[in-house]
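In terms of this note's numbering, the sequence shown has 32 at position 16, counting the first letter as 1, and numbering is strictly consecutive.
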Amino acid sequence: GTPEQIKKRTYQRKYQSEIKRGIVELEKAEADCLQELNKIRMERKKLIDDLDIAGKQAEKILKERMGKK
Numbered sequence: 017g018t019p020e021q022i023k024k025r026t027y028q029r030k031y032q033s034e035i036k037r038g039i040v041e042l043e044k045a046e047a048d049c050l051q052e053l054n055k056i057r058m059e060r061k062k063l064i065d066d067l068d069i070a071g072k073q074a075e076k077i078l079k080e081r082m083g084k085k
């Protein structure tokens, strides 16, 4: 090919390579975000469960106190 054609091909290869690299980086970032979201959901569930347990304990203590009077 002519020098101009070679230059265009080289540019296209570089351009496509950068696009592919960008896609790979985005996919990795997406996977990291999904993993972090899952972690947050698990922590949230644990906090809700802990709050439910604490509420039941408080209710039990109140019933015991009220029953003693």
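Backbone N, C-alpha and C define an ideal beta-carbon position, used for all residues, glycine too.
So, helix, strand or coil for residue i, using DSSP?
i      : result
Thr-26 : helix
Gly-17 : coil
Who are the near neighbours of residue i in its chain, counting only those whose CB is closer than 6 Å to its CB and skipping five residues on each side?
i      : result
Asn-86 : The structure shown does not extend to residue 86, since the chain is modelled only from 17 through 85, so no value can be given for it.
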